[in-house]
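S.K.: When we follow the numbering used here, the leftmost residue of the sequence shown carries the number 23, and every step to the right adds one.
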Amino acid sequence: MVSITTEYISVGGNRHPAAADWDVQSGVLAFGADNNVALWDPTDKTQRGVYSLLVGHTDKINAVRFYTCPSTGTSFLLTGSVDRTIRVWRSEPSSPHHFTYRFTLEGHEGSVNAIAVAHGSDVIATGAADGTVKIWRISQDGGTKVDLLRTISLKPRYFPLALALRLLETDAPTKPAILAVAGTRTAVQIYVAQDISTDPDFQLCATLSGHEAWVRSLAFTQDEQSPSKDLLLASASQDKYIRLWRVHRGEAAPVVPADEDDPMLGGFEQTLSNKAHTFEASGAKYSVTFEALLFGHEDWIYTAQWRPNSKRMQLLSASADNSLTIWEPDPVSGVWVSTERMGEISVQKGSTSATGSTGGFWIGLWSPDGKEVVSLGRMGSWRAWKYDEESDLWMQTIGVSGHVRSVNDIQWEADGGYLLSTSSDQTTRLHAKWTRDSLGSWHEFSRPQIHGYDLNCIDSLGPARFISGADEKLLRVFNEPRAIAQLLTKLCGFEQSFQDELPDTANIPVLGLSNQALGDDVPLGDDEMNGPMPLQQPVSLDIDHPPLEDHLARYTLWPEHEKLYGHGYEISAVAASHDRSLVATACKASSIDHAVIRLYDTSDWHEIRPPLTAHSLTITSLCFSPDDRYLLSVGRDRQWALFERNEQEPSIFKPLTANPKGHSRMILGAAWAPVSHPLIFATAGRDKSVKIWQMVDQNFECKSTISLKNPVTAISFLPEKRKEAFVLAVGEDSGEISLHEIAGDNLETTPLVSFDKLLCPSKAITQLRWRPSIGTKLDEVSEGENESKSELAVASEDTSMRIYAVSNIPP
Numbered sequence: 023m024v025s026i027t028t029e030y031i032s033v034g035g036n037r038h039p040a041a042a043d044w045d046v047q048s049g050v051l052a053f054g055a056d057n058n059v060a061l062w063d064p065t066d067k068t069q070r071g072v073y074s075l076l077v078g079h080t081d082k083i084n085a086v087r088f089y090t091c092p093s094t095g096t097s098f099l100l101t102g103s104v105d106r107t108i109r110v111w112r113s114e115p116s117s118p119h120h121f122t123y124r125f126t127l128e129g130h131e132g133s134v135n136a137i138a139v140a141h142g143s144d145v146i147a148t149g150a151a152d153g154t155v156k157i158w159r160i161s162q163d164g165g166t167k168v169d170l171l172r173t174i175s176l177k178p179r180y181f182p183l184a185l186a187l188r189l190l191e192t193d194a195p196t197k198p199a200i201l202a203v204a205g206t207r208t209a210v211q212i213y214v215a216q217d218i219s220t221d222p223d224f225q226l227c228a229t230l231s232g233h234e235a236w237v238r239s240l241a242f243t244q245d246e247q248s249p250s251k252d253l254l255l256a257s258a259s260q261d262k263y264i265r266l267w268r269v270h271r272g273e274a275a276p277v278v279p280a281d282e283d284d285p286m287l288g289g290f291e292q293t294l295s296n297k298a299h300t301f302e303a304s305g306a307k308y309s310v311t312f313e314a315l316l317f318g319h320e321d322w323i324y325t326a327q328w329r330p331n332s333k334r335m336q337l338l339s340a341s342a343d344n345s346l347t348i349w350e351p352d353p354v355s356g357v358w359v360s361t362e363r364m365g366e367i368s369v370q371k372g373s374t375s376a377t378g379s380t381g382g383f384w385i386g387l388w389s390p391d392g393k394e395v396v397s398l399g400r401m402g403s404w405r406a407w408k409y410d411e412e413s414d415l416w417m418q419t420i421g422v423s424g425h426v427r428s429v430n431d432i433q434w435e436a437d438g439g440y441l442l443s444t445s446s447d448q449t450t451r452l453h454a455k456w457t458r459d460s461l462g463s464w465h466e467f468s469r470p471q472i473h474g475y476d477l478n479c480i481d482s483l484g485p486a487r488f489i490s491g492a493d494e495k496l497l498r499v500f501n502e503p504r505a506i507a508q509l510l511t512k513l514c515g516f517e518q519s520f521q522d523e524l525p526d527t528a529n530i531p532v533l534g535l536s537n538q539a540l541g542d543d544v545p546l547g548d549d550e551m552n553g554p555m556p557l558q559q560p561v562s563l564d565i566d567h568p569p570l571e572d573h574l575a576r577y578t579l580w581p582e583h584e585k586l587y588g589h590g591y592e593i594s595a596v597a598a599s600h601d602r603s604l605v606a607t608a609c610k611a612s613s614i615d616h617a618v619i620r621l622y623d624t625s626d627w628h629e630i631r632p633p634l635t636a637h638s639l640t641i642t643s644l645c646f647s648p649d650d651r652y653l654l655s656v657g658r659d660r661q662w663a664l665f666e667r668n669e670q671e672p673s674i675f676k677p678l679t680a681n682p683k684g685h686s687r688m689i690l691g692a693a694w695a696p697v698s699h700p701l702i703f704a705t706a707g708r709d710k711s712v713k714i715w716q717m718v719d720q721n722f723e724c725k726s727t728i729s730l731k732n733p734v735t736a737i738s739f740l741p742e743k744r745k746e747a748f749v750l751a752v753g754e755d756s757g758e759i760s761l762h763e764i765a766g767d768n769l770e771t772t773p774l775v776s777f778d779k780l781l782c783p784s785k786a787i788t789q790l791r792w793r794p795s796i797g798t799k800l801d802e803v804s805e806g807e808n809e810s811k812s813e814l815a816v817a818s819e820d821t822s823m824r825i826y827a828v829s830n831i832p833p
């Protein structure tokens with residue numbers, strides 16, 4: 023029986039302050055990744071990264087929150103999305119790291135932006151861009167169900183971006199609760215319910231003013247030091263400040279008037295009003311007063327979170343100034359100060375992460391034990407820090423990373439040593455398997471290209487070079503820097519014979535798009551506005567673990583070797599011949615003039631003219647036959663075309679044959695079977711079919727057709743023939759993947775296996791690539807697995823790039 027397991031999921035996090043949460047019970051960190059929910063255990067010793075994606079939402083996820091049922095202890099995961107729904111997932115009792123879908127909450131008429139839960143209660147609150155907050159009850163009587171109890175329409179109308187919910191008294195017979203709501207206004211609204219166990223009728227009791235911009239995050243904690251166990255509310259705002267508010271049981275303490283000449287106050291006199299807001303709950307009086315103003319961040323603050331279950335009062339804040347700050351009160355004076363600052367204090371100027379600004383931190387989270395913190399950056403990557411008690415320092419550890427937009431193409435290095443992926447998020451990434459002791463885990467090892475255009479296609483030109491095409495009419499060729507080659511040898515066992523010839527490292531000029539190799543004659547000069555332009559020094563990645571996000575964003579660029587001009591529109595396809603002597607490229611086209619294939623000679627990068635013509639619309643895929651004698655092209659004009667190489671002049675191709683009605687709708691993918699005689703290839707179309715073609719007397723005939731439920735967007739043949747049959751992987755527009763066996767003699771097709779829908783991407787498959795069989799030798803040392811394991815890399819529009827291990831394919 024064919025078995026399929028997920029070896030690696032590479033995916034970036036959504037840039038929304040509420041889109042992640044770390045579960046106290048299971049230790050799982052869940053975050054929104056486009057329209058999926060990624061699950062990651064940062065404390066896992068195997069460093070496997072994201073181990074599962076929960077599929078179900080139809081649009082981007084904005085809010086993620088774990089909730090523990092007070093009566094049964096069951097762990098739930100609540101996720102809110104732009105699709106206006108909240109989904110409830112329940113952890114499996116036998117496997118608490120895995121969550122299964124239970125049901126969907128509907129009722130909001132706008133994007134759901136915030137979810138709040140109160141420890142010890144069965145009530146949750148959700149806020150959406152329809153200007154309302156809804157109160158729900160999760161009940162577990164004979165199965166789980168959720169009832170809508172109340173809808174609070176916010177007045178004056180604004181969009182809630184942050185919610186915080188807390189029980190006022192945990193040991194009282196009734197359960198009074200406090201709800202803080204803030205968002206696209208400068209004030210924080212306080213709502214109070216007298217008893218949420220019977221009637222969660224939240225009434226507006228106070229409006230806390232003082233912030234000067236939108237409030238992005240709210241969090242409650244209990245002040246263990248105060249005699250009456252007061253609550254503290256932290257509110258973080260785009261005005262660069264965090265305000266602390268004290269919720270005190272009893273009469274408000276008299277306020278000492280501020281000394282107007284106090285130099286500590288600076289220019290804050292007007293905003294530091296300490297008016298006491300009073301309300302009643304369950305017969306007791308409460309007051310809310312302003313407690314402290316935390317300043318030190320230099321840009322918008324996105325999240326503020328209290329350290330969980332700790333006697334030590336600590337607040338973690340994440341800001342667009344690229345810093346993660348821990349605040350705590352001074353034990354002597356009680357004044358709140360920043361005791362730790364992590365991240366980057368960037369002095370380098372520049373707009374891309376290769377030369378400076380990383381675009382800020384959008385989320386900061388504490389681990390359940392308070393000994394680790396993580397943050398999400400603009401590039402979708404998670405950084406992690408662990409507190410080291412011996413040195414009393416926070417040390418950075420391995421996080422997870424991935425693309426944040428559609429992954430448009432992937433390609434294995436010819437020996438399978440590493441995998442390249444390229445995306446609409448304007449980056450190219452290199453993934454490889456880190457092997458140590460008896461463990462193996464996949465990681466991002468380099469970010470060779472950080473670009474200003476969306477990237478569409480990529481191909482490998484050997485172990486130390488690749489070519490990529492973007493929305494910019496030209497193609498770029500990159501060389502591997504020596505530091506990356508050494509790192510891949512050291513950590514992945516991928517030897518490269520000519521490391522001495524490789525360049526040192528690359529640098530992006532501030533206003534340039536080219537990654538220039540150090541040592542090139544780069545005119546540096548002084549920029550009148552910015553002072554001297556920074557130049558990277560040769561980098562030694564002398565580390566015994568995969569690169570951290572700081573390394574990836576700054577020091578793993580590949581120097582650019584060449585640009586290939588000629589096309590008039592965005593590049594749509596690129597393919598390199600197996601002998602690496604030729605590169606074939608195509609661009610988007612709506613006329614015969616531009617729907618041409620241009621060939622380039624890799625020895626001196628000149629274009630071989632004239633370009634090859636056959637199509638009238640965009641060419642979607644190009645591929646060379648296994649022996650490099652033929653070039654196959656397919657396009658939106660529903661036809662495939664075949665060109666033959668001239669034996670006397672190997673750089674010349676001539677049209678051999680074409681089929682103008684290859685499919686009834688546009689053709690989106692093509693692949694050659696791993697056999698030279700007779701030649702066999704497959705084409706995949708939007709007409710929901712895959713066709714298998716065989717060469718018969720210089721013509722190609724359709725021998726069989728695989729019919730599927732959805733348009734087929736990608737196909738790939740297993741690189742080696744299994745006795746007398748081929749294995750073809752098929753990816754569909756819906757994200758479904760299936761394997762089919764094709765008999766070697768009559769080319770009849772039989773379905774082998776369909777991947778479990780829960781393992782598949784949630785949007786269209788953009789590319790499938792089997793790992794070259796030579797490369798599996800790299801893993802034998804570490805795994806000792808059976809011979810029949812093959813690896814299939816899958817790229818999808820849902821921003822994920824995955825590697826599946828496929829075992830027990832029939833020999």
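We treat Cβ as the ideally placed atom computed from N, Cα and C, and that holds for glycine.
For residue 576, name the three-state secondary structure that DSSP assigns.
M.R.: As a first step, residue 576 must be located in the sequence shown, where it is residue number 554. Reduced to three states, the DSSP call for residue 576 is helix.
S.K.: Which first and last residues belong to the beta strand (DSSP E) in which residue 148 is found?
M.R.: In the sequence shown, residue 148 corresponds to position 126, counting from 1. Residue 148 -> beta strand (DSSP E) spans 145 to 150.
S.K.: On the three-state DSSP scale, how would you describe residue 131?
M.R.: Taking the first residue of the sequence shown as position 1, residue 131 is located at position 109. Of the three classes helix, strand and coil, the one that applies to residue 131 here is coil, per DSSP.
S.K.: For a test of the three-state rule: what should DSSP assign to residue 522, helix, strand or coil?
M.R.: For the purposes of this step, residue 522 is taken as the residue at position 500 of the sequence shown. Helix at residue 522.
S.K.: Pull up the distance between the alpha-carbon of residue 546 and that of residue 528, whole angstroms please.
M.R.: Walking along the sequence shown from the start, residue 546 turns up at place 524. Walking along the sequence shown from the start, residue 528 turns up at place 506. The predicted position of residue 546 is uncertain, since its pLDDT is 35 and thus under 50; a value taken from the coordinates is nonetheless stated next. Straight-line Cα distance between these residues: approximately 14 Å.
S.K.: With burial defined as no fewer than 16 other Cβ atoms inside 10 Å of the residue's Cβ, what is the status of residue 9: buried or exposed?
M.R.: In the structure displayed, the chain extends from 23 to 833; residue 9 sits before or after that span and is not available.
S.K.: Take residue 819 and list the residues in its own chain whose beta-carbon comes closer than 7 Å to its own, dropping the five residues that flank it on each side.
M.R.: Indexing the sequence shown from 1 puts residue 819 at position 797. Excluding sequence neighbours, residue 819 sits near 428, 785, 786 and 788.
S.K.: Which same chain residues, not among the five before or five after residue 250, have their C-beta less than 7 Å away from its C-beta?
M.R.: Along the sequence shown, read from residue 1 onward, the residue named residue 250 stands at position 228. Same-chain partners within the cutoff: 270, 271 and 272.
S.K.: Starting from residue 679, follow the beta strand (DSSP E) in both directions and report where the run begins and ends.
M.R.: Counted from its first residue, the sequence shown places residue 679 at position 657. From DSSP, the beta strand (DSSP E) with residue 679 extends over 675 to 681.
S.K.: Which residue from 316, 232 and 567 puts its Cα closest to that of residue 458?
M.R.: Mapped onto the sequence shown, residue 458 falls at position 436. Here the closest residue by C-alpha is 567.
S.K.: Residue 237 and residue 274 - do their beta-carbons sit closer together than 9 Å?
M.R.: Along the sequence shown, one-based indexing puts residue 274 at 252. Along the sequence shown, one-based indexing puts residue 237 at 215. Not a contact, by the Cβ cut-off of 9 Å.
S.K.: For the candidate residues 68, 609 and 62, whose alpha-carbon lies nearest to that of residue 455?
M.R.: Numbered from its first residue, the sequence shown carries residue 455 at position 433. When each option's Cα is compared against that of residue 455, the closest is 68.
S.K.: If you follow the alpha helix (DSSP H) that residue 510 is part of, which residue opens it and which one closes it?
M.R.: Counting from one through the sequence shown, the residue named residue 510 turns up at place 488. Taken as a continuous stretch (DSSP letters only), the alpha helix (DSSP H) holding residue 510 covers 504 to 514.
S.K.: Can the beta-carbon of residue 832 be found less than 9 Å from the beta-carbon of residue 744?
M.R.: In the sequence shown, counting from the first residue as 1, residue 832 sits at position 810. In the sequence shown, counting from the first residue as 1, residue 744 sits at position 722. Yes.
S.K.: Spell out a yes or no on whether the stretch 597 to 617 and the stretch 577 to 584 are touching, meaning 3 or more CB-CB pairs, one atom from each, closer than 8 Å.
M.R.: Segments in contact, no.
S.K.: Do residue 698 and residue 640 come within 9 Å of each other at the CB atom, strictly closer than that value?
M.R.: As a working mapping, residue 640 is identified with position 618 in the sequence shown. As a working mapping, residue 698 is identified with position 676 in the sequence shown. Their beta carbons are not under 9 Å apart, which means residue 640 does not touch residue 698 by this criterion.
S.K.: Determine the extent of the beta strand (DSSP E) in which residue 213 is found, giving its start and end residues.
M.R.: Residue numbering aside, residue 213 sits at position 191 when the sequence shown is read from its first letter. Residue 213 -> beta strand (DSSP E) spans 210 to 215.
S.K.: Going residue by residue through the stretch 745 to 828, where are the continuous alpha helix (DSSP H) segments of at least 4 residues, counting only ones entirely within it?
M.R.: As far as the stretch 745 to 828 is concerned, its whole alpha helix (DSSP H) runs of at least 4 residues are 799 to 805.
S.K.: Among the candidates 463, 777 and 185, whose CA atom is the shortest distance from the CA of residue 206?
M.R.: By one-based count along the sequence shown, residue 206 stands at place 184. The candidate whose alpha carbon is nearest that of residue 206 is 185.
S.K.: Just confirm the distance between the C-beta atoms of residue 422 and residue 62, as a whole number of angstroms; I'd bet it's less than 8 Å.
M.R.: On the sequence shown, residue 422 is found 400 positions in, with the first residue counted as 1. On the sequence shown, residue 62 is found 40 positions in, with the first residue counted as 1. Confirmed, Cβ separation roughly 6 Å.
S.K.: Alpha carbon to alpha carbon, how far is residue 436 from residue 501?
M.R.: Residue numbering aside, residue 436 sits at position 414 when the sequence shown is read from its first letter. Residue numbering aside, residue 501 sits at position 479 when the sequence shown is read from its first letter. The alpha-carbon atoms of residue 436 and residue 501 are separated by roughly 15 Å.
S.K.: Assuming contact is defined by CB atoms lying nearer than 9 Å, are residue 265 and residue 259 in contact in what I supplied?
M.R.: In the sequence shown, residue 265 corresponds to position 243, counting from 1. In the sequence shown, residue 259 corresponds to position 237, counting from 1. Yes. Within cutoff.
S.K.: Using only the alpha-carbon positions, how far apart do residue 162 and residue 117 sit?
M.R.: As a position in the sequence shown, residue 162 is number 140, starting the count at 1. As a position in the sequence shown, residue 117 is number 95, starting the count at 1. Looking at the two C-alpha atoms, the distance is approximately 20 Å.
S.K.: What residues in its chain sit with their C-beta under 8 Å from that of residue 647, if we drop five residues either side in the sequence?
M.R.: In the sequence shown, counting from the first residue as 1, residue 647 sits at position 625. So the list reads 653, 654, 694, 698, 701 and 703, once near-sequence residues are dropped.
S.K.: Is residue 37 near residue 384, with beta carbons less than 9 Å apart?
M.R.: For this step, residue 37 is matched to residue 15 along the sequence shown. For this step, residue 384 is matched to residue 362 along the sequence shown. Yes. Within cutoff.
S.K.: Here's the rule: buried if 16 or more other CB atoms are within 10 angstroms of the residue's CB, otherwise exposed. What is residue 130?
M.R.: Position 108 of the sequence shown, counted from the start, is the residue given in the question as residue 130. Result: buried.
S.K.: Bridge partners of residue 501, per DSSP?
M.R.: Taking the sequence shown and counting its residues from 1, the one referred to as residue 501 is at position 479. In the DSSP output, where bridge partners are listed per residue, residue 501 has 487.
S.K.: Out of curiosity, what's the CA-to-CA distance linking residue 496 and residue 608?
M.R.: In the sequence shown, the residue the question calls residue 496 occupies position 474. In the sequence shown, the residue the question calls residue 608 occupies position 586. Looking at the two C-alpha atoms, the distance is approximately 10 Å.
S.K.: Which one of 625, 666 and 777 has the shortest CA to CA distance from residue 635?
M.R.: On the sequence shown, residue 635 is found 613 positions in, with the first residue counted as 1. The shortest Cα separation from residue 635 among 625, 666 and 777 belongs to 666.
S.K.: Give a yes or no on whether the C-beta atoms belonging to residue 147 and residue 187 are separated by under 9 Å.
M.R.: Translated into positions along the sequence shown, residue 147 becomes position 125. Translated into positions along the sequence shown, residue 187 becomes position 165. Taking 9 Å as the Cβ cut-off, residue 147 and residue 187 qualify as a contacting pair.
S.K.: Just verifying my parser: in three-state terms, what is the DSSP assignment at residue 830?
M.R.: The residue given as residue 830 occupies position 808 in the sequence shown. Residue 830: coil per DSSP, three-state reduction.
S.K.: Given a threshold of 16 other Cβ atoms within 10 Å of its Cβ, counted over all protein chains shown, does residue 306 qualify as buried or as exposed?
M.R.: Counting from one through the sequence shown, the residue named residue 306 turns up at place 284. That one is exposed.
S.K.: Using beta-carbon positions only, say whether residue 149 and residue 121 come within less than 9 Å of one another.
M.R.: Start at 1 with the first residue of the sequence shown, and residue 149 comes out as number 127. Start at 1 with the first residue of the sequence shown, and residue 121 comes out as number 99. No.
S.K.: Mind checking who residue 323 pairs with in its DSSP beta bridge?
M.R.: For the purposes of this step, residue 323 is taken as the residue at position 301 of the sequence shown. 341.
S.K.: Going by alpha carbons, who is nearest to residue 617 out of 233, 486 and 661?
M.R.: By 1-based counting over the sequence shown, the position of residue 617 is 595. Measuring from the Cα of residue 617, the nearest candidate turns out to be 661.
S.K.: Please classify residue 494: does DSSP put it in a helix, a strand, or coil?
M.R.: Stepping through the sequence shown from its first residue, residue 494 is reached at position 472. DSSP places residue 494 in coil when its eight states are reduced to three.
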